[in-house]
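Each residue of the sequence shown is one higher than the one before, starting from 14 at the first, in our numbering.
Here a beta-carbon is modelled for each residue, glycine too, at the ideal position from N, C-alpha and C.
Here the structure is laid out as structure tokens; the discussion comes afterwards.
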Amino acid sequence: MAVILSNTLVSAGIFKMTVAFTGAVKPGQFFMLRAWDKDPLLSRPISVHNYESGQLTFLYQVVGKGTEILARLQADDEVTIQGPYGNGFPEISGDLCVVGGGIGTAPLYYLVRHYRDQNPTGTARGYLAFRALAS
């Protein structure tokens, strides 16, 4: 279980959840999140958006019952997190170029931040695409 520090709406249907967590997390890894007992059946895999100073951040889009439940959680609520899972992104020694779209850009923030920490003189470029919101 992890204590939620914040869970805020950042755009239409997009939330940023920060939880207290201690451990090693690499860019590109993900966690399984769950805040319910039996329904829905499966936990939700959510990529790490950022990890810093004992705070683990997830950026997620509400697309179904599981993420709707996650979106209703508030500070001081508890959420079950399992992970980190996956190998993460490989270490980069040269320049970095990231390409992403929509909510798939979420894990790229931590990747670029980590890259800049490891390669302060390296060049990082990003090409991101998003769907325009209907008015």
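CB valine 61 to CB valine 38, shorter than 8 Å? yes
Return the Cβ separation of asparagine 63 and tyrosine 123 in integer angstroms, given the expectation that the two are a contact with Cβ distance under 8 Å. 5 Å
| task | Taking only the alpha-carbon atoms, compute the straight-line gap between glycine 113 and leucine 141 and give it to the nearest angstrom. | result | 5 Å
query = Do three or more CB pairs link the region 76–90 to the region 98–111 at distances below 8 Å?
reply = no
Taking buried to mean at least 16 other C-beta atoms within 10 Å of its own C-beta, is arginine 119 buried or exposed? Residue identity check: residue 119 is alanine in the sequence provided, not arginine. By the neighbour-count rule (16 or more Cβ atoms within 10 Å), alanine 119 is buried.
Open item on the list: Helix, strand or coil, according to DSSP, for leucine 22 in the structure here?
Closed with: strand
Assign asparagine 20 to one of two classes, buried (16 or more other C-beta atoms within 10 Å of its C-beta) or exposed (fewer than that).
buried
CA-CA distance, threonine 70 and serine 56?
17 Å
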